[in-house]
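Right, one structure below, let's go through it.
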Amino acid sequence: MSRLRIIGVDEAGFCFGVKRALQLAREATDRHPEVACLGPLIHNRQVVEGLERRGMRVVEGISDVPSGAAALIRAHGAGPQVYEQARERGIKLIDATCPFVRRVQQAAARFVDEKYQVLVLGDRDHPEAQAIVAHAGGLATIIENADELEGLDIHDRVAVVCQSTQRLATLQELVAALLRYVRELRIANTICDATSKRQHASVRVASQVDLMIVIGGYHSANTSRLAQICREAGPRTEHIETADELRSEWLEGVEAVGITAGASTPTDAVEAVRERLLEMAGEESR
Ligand code: SF4
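For the sequence shown, position 36 (counting from the first letter as 1) is numbered 38 according to the numbering used here, and the numbering increases by one without interruption.
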């Protein structure tokens, strides 16, 4: 059997916003005996369990946090009503909203002030997209793709912002479709740099391999999107959460494997996959 080639994507692993949120979470657990996190901090079970051992408790929302306690807002951000409730109930907020996400929230609010019909290109069920709408005073509409324009009452003046982890191609399709309906169109390309670099680098690697392994939580929107992008680039693509899910039959007839990972996947999870692939190929760690 020829030597298995493994190509890792340099940009894989924690993004800036996730690193920052983790740092703030760790500092918060050092300072407070108990910290409530408004939803799982990241889509990675092991990391969340580690924080729970340090005294972090995952809750669904601000109403589950006792008055006067400490609560952490995730990198996804939260709506203004969360800040209001915290103020009213003396909750100490630790705000880990990623600055790139804040930029989207501000852009949406600004467009509403300027009387545009605001469309948020994003995942309807995703907390980041929902918080963007909340910062726009509820006056923005989440749209998942250009097909959804049909049946939507589209105004003459439209502004588009994007959830930070969207694909550029999806934004381009939406913009092209909107041009058929509107007189004036404003676009804030708020896809974050970490996302676009990771997507481009993953496509570059995917186009050189027979099998692409995408590591990250099944509920992670950015990881699922990466898997979709890699699949479209050609190779067989498998989305896994941990190295234990790798199957030796995936390597049959495979000469080159690519590895990439979502923004909330720790480097050691990526390394574990690489090691396991080498073991399966019958090679020593290298
Ligand atoms: S993916 Fe981008 S916007 Fe989201 S947390 Fe990471 S750096 Fe921030």
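All residues carry an ideal CB built from backbone N, CA and C; glycine is no exception.
Closest by C-alpha distance to Phe16, out of Met282, Pro82 and Ala271, is Ala271. A distance below 8 angstroms separates the beta carbons of Val37 and Ala30.
Within the DSSP secondary-structure output, Ile156 pairs in no beta bridge. Straight-line spacing of the CA atoms in Ala203 and Val162 works out to 26 angstroms. For Thr143, the enclosing beta strand (DSSP E) has its first and last residue at Ala142 to Ile145.
Checking the 7 angstroms criterion, the Cβ of Ser222 is out of range of every heavy atom belonging to the ligand SF4. Contact between the stretch 105–123 and the stretch 133–150 is present, with at least three C-beta pairs closer than 8 angstroms. Counting only runs of at least 4 residues, the stretch 6–72 fully encloses the following alpha helix (DSSP H) elements, listed from N- to C-terminal order: 18–33 and 47–55. In this structure Ala258 touches Gln210 by the C-beta definition: roughly 6 angstroms separates them, less than 8 angstroms.
Residues of the same chain with a CB within less than 6 angstroms of the CB of Ala142, apart from the 5 flanking positions on each side, are Ala110, Val120, Val122 and Val135 in chain order. Within its own chain, the residues whose Cβ lies closer than 7 angstroms to the Cβ of His78, once the five positions on either side in sequence are excluded, are Val103, Pro129, Glu130 and Ala133, listed in chain order. Counted as a single uninterrupted DSSP element, the alpha helix (DSSP H) harbouring Gln174 occupies residues Leu170 to Leu180.
Collapsing the DSSP output to three states places Gln210 in coil. Beta-bridge pairing by DSSP links Leu121 to Thr143 and Val162. Closest option to Val275, judged by alpha-carbon separation, among Val60, Leu248, Gly139 and Asp127: Leu248.
Assigned with DSSP and collapsed to three states, Glu186 falls in strand. Minimum Cα-Cα distance from Glu54 among the listed residues Tyr183, Leu74 and Glu116 corresponds to Leu74. DSSP, reduced to helix, strand and coil, places Ala203 within a helical segment of the structure shown. For Ser204, the distance from the CB to the nearest heavy atom of the ligand SF4 is not below 7 angstroms.
In the three-state reduction of the DSSP assignment, Glu116 falls in the coil class, being assigned neither a helical nor a strand state. In this structure, Ala196 lies away from Ala283, with their beta-carbon atoms at least 8 angstroms apart. Just measuring C-alpha positions, the residue of Pro237, Ser226, Arg233 and Gly219 sitting nearest Thr244 is Gly219. Shown here, Leu253 sits in a helix according to DSSP, grouped into three states. Gly19 has its CB nearer than 7 angstroms to a heavy atom of the ligand SF4. Cα atoms of Asp97 and His241: separation of roughly 31 angstroms, rounded to the nearest angstrom.
DSSP places Ala245 outside any alpha helix (DSSP H), giving it a letter other than H or E. Counted as a single uninterrupted DSSP element, the beta strand (DSSP E) harbouring Ala263 occupies residues Ala258 to Ala263.
When the alpha-carbon of Ser250 is set against those of Ala235, Glu281 and Cys232, the nearest one is in Glu281.
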